[in-house]
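Participant:
There are 2 protein chains.
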Amino acid sequence: MTLASDRPVLHLTPLPGSPTPSLPADSRQRVSQFLQGLQDQICKVLAELDGAKSFQEDAWQREEGGGGRSRVMKDGAIFEQGGVNFSEVWGTHLPPSILVQRPEAAGHRFYATGVSLVLHPRSPYIPTVHLNYRYFEAGPVWWFGGGADLTPYYPFAEDATHFHRTLQQACNSHHSEYYPTFKRWCDEYFYLKHRQEARGVGGIFFDYQDGRGELYRGPDPQGAAALHSAQVGDLAQRSWDDVFELVQSCGQAFLPAYVPIAQRRQALPYDDRHRNFQLYRRGRYVEFNLVYDRGTIFGLQTNGRTESILMSLPPLVRWEYNYQPEPDSPEAKLYEIFLKPQDWVNWTADT
Amino acid sequence: MTLASDRPVLHLTPLPGSPTPSLPADSRQRVSQFLQGLQDQICKVLAELDGAKSFQEDAWQREEGGGGRSRVMKDGAIFEQGGVNFSEVWGTHLPPSILVQRPEAAGHRFYATGVSLVLHPRSPYIPTVHLNYRYFEAGPVWWFGGGADLTPYYPFAEDATHFHRTLQQACNSHHSEYYPTFKRWCDEYFYLKHRQEARGVGGIFFDYQDGRGELYRGPDPQGAAALHSAQVGDLAQRSWDDVFELVQSCGQAFLPAYVPIAQRRQALPYDDRHRNFQLYRRGRYVEFNLVYDRGTIFGLQTNGRTESILMSLPPLVRWEYNYQPEPDSPEAKLYEIFLKPQDWVNWTADT
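Chains C and W, in that order, give the protein sequences.
If you read the first sequence in this note's numbering, its first letter stands for residue 13, the second for the next number, and so on.
If you read the second sequence in this note's numbering, its first letter stands for residue 13, the second for the next number, and so on.
(1) If the cut is a Cβ gap below 7 Å, which residues of chain C does Arg134 of chain W touch?
(2) Take the Cβ of Val112 of chain C as the centre, count every other Cβ of all protein chains shown within 10 Å, and call the residue buried at 16 or more, exposed below.
(3) Can you name the start and end residues of the alpha helix (DSSP H) that Tyr191 of chain C belongs to?
(4) What does DSSP give as the partner residues of Gly70 of chain C in its beta bridges?
(5) Any idea which residues DSSP pairs Val153 of chain C with across the strands?
(6) List the DSSP bridge partners of Arg330 of chain W.
(7) For Lys352 of chain C, return the contacting residues in chain W, with the cut-off set at a CB-CB distance below 8 Å.
(8) For Leu9 of chain C, would you say it is in contact with chain W, using Cβ-to-Cβ distances shorter than 8 Å as the test?
(9) Would you kindly work out how many angstroms separate the C-alpha atoms of Ala150 of chain W and Ala182 of chain W, rounded to a whole number?
(10) Just to confirm before moving on: does the CB-CB distance between Ile54 of chain W and Phe266 of chain W stay below 8 Å?
(11) How would you call Thr360 of chain W, buried or exposed, if buried means at least 16 neighbouring beta carbons within 10 angstroms?
(12) Three-state secondary structure (DSSP) at Ile216 of chain C?
(13) Using a Cβ-Cβ cutoff of less than 7 Å, which residues in the same chain neighbour Ala210 of chain W once the five nearest sequence positions on both sides are dropped?
(14) What residue range does the beta strand (DSSP E) around Ala124 of chain C cover?
(15) Among C:Thr32, C:His187, C:Thr173, which has the Cα closest to the Cα of Ile273 of chain C?
(16) Interface residues of chain W around Thr318 of chain C at Cβ under 7 Å?
(17) Could you tell me whether the Cβ atoms of Ser39 of chain W and Arg224 of chain W are closer together than 8 Å?
(18) Specify the secondary structure class of Leu204 of chain C as computed by DSSP and reduced to three states.
(19) Name the residue from C:Arg83, C:Glu226, C:Ser188, C:Val271 whose alpha carbon lies nearest to the alpha carbon of Trp72 of chain C.
(20) Using DSSP's beta-bridge definition, name the partner residues of Ala210 of chain C.
(21) Is there a Cβ from chain C that is less than 8 Å from the Cβ of Pro281 of chain W?
(22) Beta-carbon within less than 6 Å of Leu143 of chain W's beta-carbon, same chain only, minus the 5 sequence neighbours each way: which residues are those?
(23) In whole angstroms, give me the CA-to-CA distance for Trp102 of chain C and Gly49 of chain C.
(24) If you follow the beta strand (DSSP E) that Gly103 of chain C is part of, which residue opens it and which one closes it?
(25) Do we get a CB-CB distance below 8 Å when we pair Pro272 of chain W with the residues of chain C?
(26) Can you have a look at Asp284 of chain W and say buried or exposed, based on whether 16 or more other CB atoms are within 10 angstroms of its CB?
(27) Give the C-beta separation of His132 of chain C and Glu189 of chain C to the nearest angstrom, bearing in mind that I take them to be a contact with Cβ-Cβ under 8 Å.
(28) With DSSP collapsed to three states, give me the class of Asp62 of chain C.
(29) Under a three-way DSSP split, which group does Val112 of chain C fall into?
(30) The alpha helix (DSSP H) spanning Trp252 of chain W covers which residue range?
(31) Looking at C-alpha atoms only, which residue of W:Phe122, W:Arg207, W:Ser66 is the closest neighbour of Gly78 of chain W?
(32) Does Asn288 of chain W come within less than 8 Å of chain C when only Cβ atoms are used?
(33) Is there at least one Cβ from chain W nearer than 8 Å to Tyr333 of chain C's Cβ?
(34) Give the straight-line distance between the Cα atoms of Leu58 of chain C and Ile138 of chain C, rounded to the nearest whole angstrom.
(35) Nearest to Ala269 of chain W by alpha carbon, out of W:Leu47, W:Thr140, W:Ala118?
(36) Gly212 of chain C: which of C:Trp356, C:Pro33, C:Gly126, C:Gln41 sits nearest, CA to CA?
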């Protein structure tokens, strides 16, 4: 894949043997409390926005330790389906796929908590949106991960710009290197290789943020090579509180990033053509989540709560053999412009 | 998972170092010709059965070598969507996932040909059906694989029995051990672990059949243990022609196994309740194909023709959070009886 920006991404190598910054005694309580509060706030505002329906909660327990509260809205006025999940789990060992990235966690008990959200609006003019923020502790290491990304059907460049700028502001209040790095990582992660398409217009994505200054640990070979060639001194010494504050800013940026888009598109009239294309494009969401998404596959293969994991799947979906958008149509424009990584923050009509 | 029958499955260990039986000079032509003929015959009969629509062909070439002909029916009277694909490809090396089972093929060029089919009927009373037969040659080894399985929505035990008995007859004309072994392997393979459900009522499934007498190479640990404890002398010396004839019988059994079911259910009236449940259950088909199916995942990850691979996905699908069938309903009966491995060949109302 090509990336929109030629701007080099900074990669920060932790000093060899540098320990993960120390934790406050109440780290788990603080993150868990923040994430539950975020779930509460998001559900409240989305229910007000929808007007017709609210979220129904299922609390669940996990046999191996922990549990969660899944909240679903069905058949709303704006949201055909929406799920906002909180979970907090612990156990004896992390799976091998995570230990590859954090070998220091091997042989240790773990704690993990997170919030994840997917909204499938009814109108093809309102984009689907996804958010996830998560936190791990295991033996000597801890880290935060997450992000948010937008998937339009009949897209507006100003919506993509608004979404990205809002997340950029949240990141910039902590360091100017965060947004460009996490934006690129998002473009790389939410990519359907078998379709050679981005999932949508992206947003931000990050993982393994532990204050040691390694901003990027993504799949791009260029990125991996650069990982050992760049450092930013002041980012290599962030405390646990610094990283948690970054995650709080990103989480709190979700509603201002998304709600105005839903509001300004909700009244646009649409017909069967738009609806059919939306259902077809939702198929890509299913393909991404079941074929590529690490969280989904990991959850399904390790005895997670299936109904909560697959809450991300759309309520109604279409597949059509060999569909091709008509040249110069709005549908073609989605593929040609919006499903390729773009510099949305600086987008202008002349770009 | 539990298996319906306590009957021990026979497993046959090839003699150490025993070479794969020799090939006729025209092996590839003969298999390819048979599979193309099977595709032709199936498409012809299904189009006659449907009455309203026929199959449209896309011929395609593969850059690395070979190609195929994909045939799709859309919006038929009986078949909402159906795909019947033939492909014949070659290249420099097989992927690692296959070499694990056939290390003798490492470092050799390969040839692979196959037919695959998935039909999604419009009526919830007609089951979805899948067929695949395939053939590989690579260096010193060759083998056949494939099978057929049935996925009902509102099921009839007599349909499951008819489908299984027809495939059993095809297998029995070659050896009585084939059907029970391949039936069990099918139940193991078409299983959704995250749902703890069978995909449907099964059928037959086999792989790595090369005349050396190893009938079973499935995932069940009990099966793997038994693999080294049982032999049937007369099956350990099958020629290439013997195995090819078995595959031909199985392939030719497809139409008599499936068509009578579609015929006798096509006129049953149904309403929105049935249709909604069908669309919901089709979600399981998507989950299986994208999360578990080796052929689909392998194809998507190795630059296969995406549109032909994903032709197996249903035209319209629903997901619903936390759906549970009503007790004692026809929907509950599907889960309780039909989505568990059963001895369909010997099924009676009293079973």
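Glycine residues also receive a C-beta, built at the ideal position from the N, C-alpha and C atoms.
Facilitator: So, to answer that:
(1) For this step, residue 134 of chain W is matched to residue 122 along the second sequence. Within chain C, no residue comes near Arg134 of chain W; the closest Cβ sits about 15 Å away, beyond 7 Å.
(2) In the first sequence, residue 112 of chain C corresponds to position 100, counting from 1. When all chains shown are included, Val112 of chain C counts as exposed.
(3) To locate residue 191 of chain C, count along the first sequence from 1; it is residue 179. Element bounds for Tyr191 of chain C: 190–201.
(4) What you label residue 70 of chain C is simply residue 58 of the first sequence in a count that begins at 1. The sequence as given places Asp at residue 70 of chain C; Gly does not occur at that position. Asp70 of chain C pairs with C:Ser82.
(5) The sequence position of residue 153 of chain C within the first sequence is 141, counting from 1. DSSP output for Val153 of chain C lists C:Ala150 as bridge partner(s).
(6) Start at 1 with the first residue of the second sequence, and residue 330 of chain W comes out as number 318. Paired residue(s): C:Leu328.
(7) Taking the first sequence and counting its residues from 1, the one referred to as residue 352 of chain C is at position 340. What Lys352 of chain C touches in chain W: nothing, since even the nearest Cβ is about 18 Å away.
(8) There is no way to answer for residue 9 of chain C, as the model of chain C reaches only from 13 to 363.
(9) Position 138 of the second sequence, counted from the first residue, corresponds to residue 150 of chain W. Position 170 of the second sequence, counted from the first residue, corresponds to residue 182 of chain W. Computed Cα separation, rounded: 28 Å.
(10) Here residue 54 of chain W is taken as the residue at index 42 of the second sequence, counted from 1. Here residue 266 of chain W is taken as the residue at index 254 of the second sequence, counted from 1. In this structure, Phe266 of chain W lies closer than 8 Å to Ile54 of chain W by Cβ.
(11) Here residue 360 of chain W corresponds to residue number 348 of the second sequence, with the count starting at 1. Exposed, because fewer than 16 other Cβ atoms sit within 10 Å of the Cβ of Thr360 of chain W.
(12) For the purposes of this step, residue 216 of chain C is identified with residue 204 of the first sequence, where counting begins at 1. Of the three classes helix, strand and coil, the one that applies to Ile216 of chain C here is strand, per DSSP.
(13) As a first step, residue 210 of chain W must be located in the second sequence, where it is residue number 198. Closer than 7 Å at Cβ, skipping near neighbours: Asp199, Phe202, Tyr203, Leu351, Lys352, Pro353.
(14) As a first step, residue 124 of chain C must be located in the first sequence, where it is residue number 112. It spans 122–133 - the beta strand (DSSP E) in which Ala124 of chain C sits, taken as one unbroken run.
(15) Counting from 1 along the first sequence, the entry for residue 273 of chain C is found at position 261. When each option's Cα is compared against that of Ile273 of chain C, the closest is C:Thr173.
(16) To locate residue 318 of chain C, count along the first sequence from 1; it is residue 306. What Thr318 of chain C touches in chain W: His206, Arg207.
(17) Within the second sequence, the letter at position 27 stands for residue 39 of chain W. Within the second sequence, the letter at position 212 stands for residue 224 of chain W. No, they are not a contact pair.
(18) By one-based count along the first sequence, residue 204 of chain C stands at place 192. It is a strand residue.
(19) In the first sequence, the residue the question calls residue 72 of chain C occupies position 60. For Trp72 of chain C, the nearest C-alpha among the options comes from C:Arg83.
(20) Position 198 of the first sequence holds residue 210 of chain C. Looking at the DSSP assignment, Ala210 of chain C forms a beta bridge with C:Tyr203.
(21) The residue you call residue 281 of chain W lines up with position 269 of the second sequence. So, not an interface residue.
(22) As a first step, residue 143 of chain W must be located in the second sequence, where it is residue number 131. For Leu143 of chain W, where only same-chain residues beyond five positions count, the Cβ hits under 6 Å are Leu129, Ala160, Phe266.
(23) As a working note, residue 102 of chain C is residue 90 in the first sequence. As a working note, residue 49 of chain C is residue 37 in the first sequence. Near 20 Å, if we compare the C-alpha coordinates of Gly49 of chain C and Trp102 of chain C.
(24) Position 91 of the first sequence holds residue 103 of chain C. 91–103 is the span of the beta strand (DSSP E), which, as asked, contains Gly103 of chain C.
(25) What you label residue 272 of chain W is simply residue 260 of the second sequence in a count that begins at 1. Output row for Pro272 of chain W: interface = no.
(26) As a first step, residue 284 of chain W must be located in the second sequence, where it is residue number 272. Exposed is the call here.
(27) The residue given as residue 132 of chain C occupies position 120 in the first sequence. The residue given as residue 189 of chain C occupies position 177 in the first sequence. Between Glu189 of chain C and His132 of chain C the Cβ distance is about 33 Å, and since that is not below 8 Å, they are no contact.
(28) What you label residue 62 of chain C is simply residue 50 of the first sequence in a count that begins at 1. DSSP places Asp62 of chain C in helix when its eight states are reduced to three.
(29) The residue given as residue 112 of chain C occupies position 100 in the first sequence. Three-state DSSP puts Val112 of chain C in coil, outside helix and strand.
(30) The count along the second sequence starts at 1 and reaches residue 252 of chain W at position 240. Start and end: 252–264.
(31) As a working mapping, residue 78 of chain W is identified with position 66 in the second sequence. The shortest C-alpha separation from Gly78 of chain W is found at W:Phe122.
(32) Start at 1 with the first residue of the second sequence, and residue 288 of chain W comes out as number 276. No, no contact with chain C.
(33) Taking the first sequence and counting its residues from 1, one reaches residue 333 of chain C at position 321. Closer than 8 Å: yes.
(34) Counting from one through the first sequence, the residue named residue 58 of chain C turns up at place 46. Counting from one through the first sequence, the residue named residue 138 of chain C turns up at place 126. Near 14 Å, if we compare the C-alpha coordinates of Ile138 of chain C and Leu58 of chain C.
(35) If you number the second sequence from 1, residue 269 of chain W lands on position 257. Closest by alpha carbon: W:Thr140.
(36) Taking the first residue of the first sequence as position 1, residue 212 of chain C is located at position 200. Nearest of C:Trp356, C:Pro33, C:Gly126, C:Gln41 to Gly212 of chain C, Cα basis: C:Trp356.
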